[in-house]
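Input: a single structure, listed below in structure tokens.
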Amino acid sequence: MTYTPQVDDYVIWHHNGLVHQGWVYFVDEKYITIETGIKPKPNCQYTKNEKHKYIHTLLLCHPYYWKDLEYIKHRRVLCNHCGRTADNNVRCLGMCVADSDY
Ligand SMILES: [Zn+2]
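In this note's numbering, the protein residues as written are 19 to 120.
Structure below.
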């Protein structure tokens, strides 16, 4: 059976001799994106009112490559606002849902 990527799966993509890896960030029937890195946005006048505090590096992957994806694991997202998980250190600017008792 062919692997069908799900959001928040960790995958390794073997592609033309290169190895990409990261979290599945978006899934659609036409393509998925794989988050290969995040970094904080610079703290400046242009970003201070933005809710989203991170720059996400996303790799686009079409269905005919999904056979080359290797499923590694799935993560549990603690906060849908900021995408915080148990181990990625991402946090909302205000109160993070993951800090409450939900
Ligand atoms: Zn949060």
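Beta carbons: idealized from backbone N, C-alpha and C, even for Gly.
Taking 8 Å as the threshold (beta carbon to beta carbon), is residue i in contact with chain B?
i, result
"residue 116", "Among the chains in the structure shown there is no chain B, since it carries only a single protein chain."
Could you check which residue in the options has the C-alpha nearest to that of residue i?
i, options, result
"residue 78", "21, 31 and 88", "31"
"residue 34", "107, 91, 86 and 75", "86"
"residue 58", "68, 73, 44 and 45", "73"
"residue 76", "38, 93 and 94", "38"
"residue 48", "98, 114 and 84", "84"
"residue 60", "113, 71 and 44", "71"
"residue 113", "45, 56 and 96", "96"
"residue 55", "40, 104 and 111", "40"
State buried or exposed for residue i, treating a residue as buried only when at least 16 other CB atoms are found within 10 Å of its CB.
i, result
"residue 51", "buried"
"residue 62", "exposed"
"residue 23", "buried"
"residue 120", "Summary for residue 120: the model assigns pLDDT 46, below 50, so the residue's position carries little reliability; its value from the coordinates is reported in the next sentence. Burial call: exposed."
"residue 117", "exposed"
"residue 27", "buried"
"residue 101", "buried"
"residue 53", "buried"
Rounded to whole angstroms, how far is the Cβ of residue i from the Cβ of residue j, which I believe are closer than 8 Å?
i, j, result
"residue 21", "residue 89", "5 Å"
> Who sits around ligand 1, taking every residue whose Cβ is closer than 7 Å to one of its heavy atoms?
Replying inline: With the criterion CB distance below 7 Å from any heavy atom of ligand 1, the matching residues run 97, 99, 100, 102, 109, 110, 114, 115 and 116 along the chain.
>> In chain order, what are the residue ranges of uninterrupted beta strand (DSSP E) at least 3 long that sit wholly in the region 48-102?
In response: Along the region 48-102, the beta strand (DSSP E) occurs as fully enclosed runs of 3 or more residues at 50-58, 72-79, 87-92 and 95-97, listed in sequence order.
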